[in-house]
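> My structure is below; once you've seen it, I'll send some questions.
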């Protein structure tokens, strides 16, 4: 249990307790407070752009379900148990005075009194957080995880910006998000269907320039969207997920996604994402928050500040645009450990007490499905746990940003190699880099902990994994470096195809045949095709340049995704506009 107090009100609060009985005039100088029991709830507002950063909004949810914004300044974990006193001032105090129930200065209002009910109702309507006079916060114990179904209720915001995606395309994006977390859950998410999709026009103030109501307090938009699904609870214990999808323009102030922070893979909750080219990345990131994950950050040197979001080996890092299709990376070892889905066979634990001072350790690619895909190394002096992975750019990590050897303009180059992360604040992780310009360790490079008592050398690395030499001890000597490999010739920069959006020709009617026109591409590539009905793949005869419609597609809109490939050029995929709903024969 941790105790938090604000210095500005601590003295007055203590004076109320110590002298109220003997000196009423002196007691009256202290603040009036509202005693509250409840649960700490946290909403994270993710702002991606030139000055990427996150805002965290704190509330205390009372046991009766009221949500009171509070000023906790990041000093309490989400979903902790809260007991404390909030300072009654501003509009809340004015409401109490207007109703004639404002007690004398220095009093404490209980929740179950008339004044308490008025104060809570007033505070709940305020977007200005109440100051905390004194509080005790107790972390919530982790619940036993069991395989279960999660459900998505999708609310599409209309009337703010232009929705360029059809409902089927939006459902396909959300489906790819739930597919990712189902795969990463280790079987704890048994299924993750989209149960219902509704469209709404928000009445909440907030133009596209200020993120359509998401930039300051998203509760009001979420409450409005939740009313589209009467009787459906979105409490964390419900395993129901309210997903609000907005036009790309709603990221006008940089807010691309917002989410309530949950506890683990048993959590439901509410989240929002802006559509567009990075919608899948943003959605995976925000849903990670609903499962209790923080951000993936970077520290480039021991004395350097931590750069938020810049660990792009993780889905909890920044979402970025690219001229080539991007796939999300496999979830980090540290986050998988937090979620309880990384078993003993997946993560090897290495410490000074469980083996010789110097030992060889093999780690398989993090993107694989078998083998030791993470190593946890414990510093014998500081107790710090370092999670080491080999990011090979293969299997589940194929097509990720780092697999291309990318630089997003931060001066940090992301390429395949060995990565090291440690725990940060607010359930985040921090990537530790070998140099301020390189995000991963290559062959012949060594990591040294700040205490100097643990080191490892990357002895070898390739598509099959990486070999490490780990050494423990006070001021542990660096393991001998192998002879440096011959420098590889620079990889050719892939060319870019001049692409056209494909068009579907033909009549959308059962029994008719649709064809795709790919248009003119330069230079001319080879094409492959995938047809979709209602956003779902057509698996039977759906991979040709034409599609004969059957009764299975009746009532659904048809799209086709054309993928162009040419040696020496980046592979490009383009999706057509949807047809009208397929009519009966």
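Numbering (UniProt numbering), first residue to last: 1 to 585.
Heads up, the beta-carbon is just placed ideally off N, CA and C, and yes, glycines get one too.
Using 8 Å for Cβ pairs, my map puts residue 134 next to residue 84. What's the rounded Cβ distance?
6 Å
> The beta strand (DSSP E) that contains residue 180, what's its start and end?
First-last for residue 180: 167-184, but that is the alpha helix (DSSP H), not the beta strand (DSSP E).
> How big is the Cα-Cα spacing for residue 582 and residue 58?
The straight-line gap from Cα to Cα measures roughly 48 Å.
> Leaving out five residues on either side along the sequence, give the residues of the same chain with a beta carbon under 7 Å from the beta carbon of residue 125.
none
> Compute the distance between the beta-carbons of residue 154 and residue 310, then report whether it is under 9 Å.
no
> Quickly, what does DSSP pair residue 197 with across the bridge? List them, please.
154
> Taking all protein chains shown into account, decide if residue 146 is buried (16 or more other Cβ within 10 angstroms of its Cβ) or exposed.
exposed
> If residue 78 sits next to residue 40, beta carbons under 8 Å apart, how far is it from one beta carbon to the other, in whole angstroms?
About 6 Å; that satisfies the 8 Å criterion.
> Residue 201: which of 163, 191, 230 sits nearest, CA to CA?
Of the candidates 163, 191, 230, the one whose C-alpha sits nearest the C-alpha of residue 201 is 163.
> According to DSSP, is residue 37 helix, strand or coil?
In the structure shown, residue 37 sits in a strand (DSSP, three-state: E or B).
> State buried or exposed for residue 580, treating a residue as buried only when at least 16 other CB atoms are found within 10 Å of its CB.
exposed
> If you draw a straight line from the alpha carbon of residue 23 to that of residue 107, how long is it in whole angstroms?
Below a pLDDT of 50, predicted positions are generally treated as unreliable, and residue 23, at 35, falls in that range; no measurement from the model is reported.
> Please name the residue, chosen from 183, 188, 453, 461, that lies closest to residue 472 on a Cα-to-Cα basis.
Selected option, being the one with the closest Cα: 453.
> Identify, in the order they occur along the chain, each residue of the same chain with its Cβ nearer than 7 Å to the Cβ of residue 127, setting aside the five sequence neighbours on each side.
69, 216, 217
> Between 264, 526, 447, 400, which has its C-alpha nearest residue 336's C-alpha?
264
> Short of 7 Å in beta carbon distance, which residues of its chain neighbour residue 319, apart from the five on each side in sequence? Order them along the chain.
Once the five neighbours on either side are set aside, the close Cβ partners of residue 319 are 48, 256, 278, 281, 282, 285.
> Could you spell out where the beta strand (DSSP E) holding residue 299 opens and where it closes?
Per DSSP, residue 299 belongs to the beta strand (DSSP E) from 296-299.
> Can you tell me whether residue 246 is helix, strand or coil according to DSSP?
strand
> Between the alpha carbons of residue 6 and residue 419, how many angstroms are there, rounded?
Low local confidence applies: a pLDDT of 28 at residue 6 is under 50, so the model's placement there is unreliable, and no value is given.
> Nearest CA to the CA of residue 199: which residue from 182, 188, 242, 186?
242
> Only counting the same chain, and skipping five residues up and downstream in sequence, which positions put a Cβ closer than 7 Å to that of residue 498?
521, 522
> Using a Cβ-Cβ cut-off of 8 Å (strictly less than) and excluding sequence neighbours within five positions of residue 221, which residues of its own chain qualify?
Correct list, in chain order: 157, 202, 204, 206, 212, 213, 214, 244, 272.
> Does the region 367-374 come close enough to the region 338-346 that 3 or more CB-CB pairs lie under 8 Å?
yes
> To the nearest angstrom, how far is it from the Cα of residue 368 to the Cα of residue 34?
53 Å
> Specify, as a first and last residue, the run of the beta strand (DSSP E) that residue 68 falls within.
67-71
> Check whether the Cβ atoms of residue 586 and residue 262 sit closer than 9 Å, and answer yes or no.
Outside the shown range of the chain, which is 1 to 585, sits residue 586, and nothing can be said about it.
> Take residue 56 as the anchor and find which of 406, 386, 42 has the nearest alpha-carbon.
For the options 406, 386, 42, the alpha carbon positioned closest to that of residue 56 is the one of 42.
> Are there 16 or more other CB atoms within 10 angstroms of the CB of residue 53, so buried, or fewer, so exposed?
When all chains shown are included, residue 53 counts as exposed.
> Work out the CA separation of residue 229 and residue 223 for me, nearest whole Å.
10 Å
> One question on the structure: do residue 166 and residue 512 come within less than 9 Å of each other, judged by their Cβ atoms?
Not closer than 9 Å, so no.
> Beta-carbon of residue 418 versus every beta-carbon of chain B: anything under 9 Å?
Looking at the structure shown, chain B is missing, and only one protein chain is on hand.
> Can you tell me whether residue 235 is helix, strand or coil according to DSSP?
coil
> May I ask you to list the residues that DSSP assigns as paired with residue 62?
38
> Opposite residue 55 in the DSSP bridges: which residues?
45
> Using beta-carbon positions only, say whether residue 258 and residue 71 come within less than 9 Å of one another.
no
> Please report the residue range of the alpha helix (DSSP H) in which residue 574 lies.
Per DSSP, residue 574 belongs to no alpha helix (DSSP H); it is in the beta strand (DSSP E), 572-575.
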